[in-house]
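Colleague: Protein chains in written order, with the numbering used here: chain A, 1 to 132; chain B, 1001 to 1133. All residues carry an ideal CB built from backbone N, CA and C; glycine is no exception.
Right under this line is the structure:
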């Protein structure tokens, strides 16, 4: 008799964990379903629109990307490496901002390559602007 | 006495020990809670352009996609260009999220510039997703 009592006591002390497991499983499934893994690499333009007209801005370097696949600077065809060297010379003392004028119909990969070259050569920011 | 002990022993053997299972489930749960980022995927296959100096972008971001036909996608829906700005403002009201644009390499560059402009005007940092060369 005495022994049976002790067994009963032992059973009483044990906590029932199955509701906890149920809940944890539900949470697990929720997070499994809702999580999306976005792992992107990319370029950040770092350009910010400054509304203050009094602030003195550095004169930006302007390049153009045409629909025919040319990269122009001051009307001359430079190519992607030409953009890199120009930005590097201009940014030697201080990082310079760059404006990239993209003609309608120009391919996005060319624009991204020019942006890549400019940022790689030390440009402060790259502003993309569309040209009709 | 003997009989009782034998029954007890058998009962103990029959119940499976679940504590390692719970441990594993907890570890999985914590992993998913920590890595959870509720980002809406644009839902189109994009052929990203190549870039040499690309850096890792923040995981929690507002994702737009511009496909080769010039259509803008967000969260599985097509949206017009005029909707990009208000949408970003709405999403950034509570959390300061950056904007990432997935652009197809055959897309129109001018269209990309317009989206970047719309996004920049809201004050968000804007990135263009690329791939490794």
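1) At which residues does the alpha helix (DSSP H) containing residue 1109/B begin and terminate?
2) Rounded to whole angstroms, how far is the Cβ of residue 1067/B from the Cβ of residue 1044/B, which I believe are closer than 8 Å?
3) Determine the DSSP secondary structure at residue 79/A, reduced to helix, strand or coil.
4) In chain A, which residues lie with their C-beta within 9 Å of the C-beta of residue 1050/B?
5) Which bits of chain B does residue 85/A rub up against, with CB to CB less than 9 Å?
6) Quick one: Cα of residue 85/A to Cα of residue 121/A, how far?
7) Is the number of C-beta pairs between the region 1027 to 1045 of chain B and the region 96 to 109 of chain A that are closer than 8 Å three or more?
8) Give the single residue among 1131/B, 1038/B and 1059/B whose Cα lies nearest to the Cα of residue 1103/B.
9) Quick one: which residues of the region 1016 to 1045 of chain B get their C-beta closer than 9 Å to a C-beta of chain A? List them in chain order.
10) Going by the beta-carbon positions, is the gap between residue 80/A and residue 1110/B smaller than 9 Å?
11) Is DSSP giving residue 42/A helix, strand or coil here?
12) Drop a sphere of 10 angstroms on the beta-carbon of residue 1127/B, count the other beta-carbons inside from all chains shown, and report buried for 16 or more, exposed for fewer.
13) Can you name the start and end residues of the beta strand (DSSP E) that residue 1064/B belongs to?
Modeller: Let me spell this out:
1) The continuous alpha helix (DSSP H) containing residue 1109/B extends over residues 1109 to 1121.
2) A Cβ-Cβ separation of about 5 Å places residue 1067/B in contact with residue 1044/B under the 8 Å criterion.
3) Here residue 79/A sits in helix by DSSP.
4) Near residue 1050/B (Cβ distances below 9 Å), the residues of chain A are 109, 112, 113 and 116.
5) The contacting residues do not exist; residue 85/A stays about 15 Å from chain B at best.
6) The alpha-carbon separation between residue 85/A and residue 121/A amounts to approximately 7 Å.
7) Output reads no: the region 96 to 109 of chain A does not touch the region 1027 to 1045 of chain B.
8) Of the listed residues, the one whose Cα sits closest to residue 1103/B is 1131/B.
9) Taking 9 Å as the upper bound on Cβ-Cβ separation, chain A lies near residues 1018, 1019, 1021, 1022, 1025, 1026, 1028, 1029, 1031, 1032, 1033, 1035, 1036, 1037, 1038, 1039, 1040 and 1041 of the region 1016 to 1045 of chain B.
10) Against a cut-off of 9 Å, the Cβ pair of residue 1110/B and residue 80/A comes out as no contact.
11) When secondary structure is reduced to three states using DSSP, residue 42/A falls in the strand class.
12) By the neighbour-count rule (16 or more Cβ atoms within 10 Å), residue 1127/B is buried.
13) Here the beta strand (DSSP E) through residue 1064/B covers 1062 to 1066.
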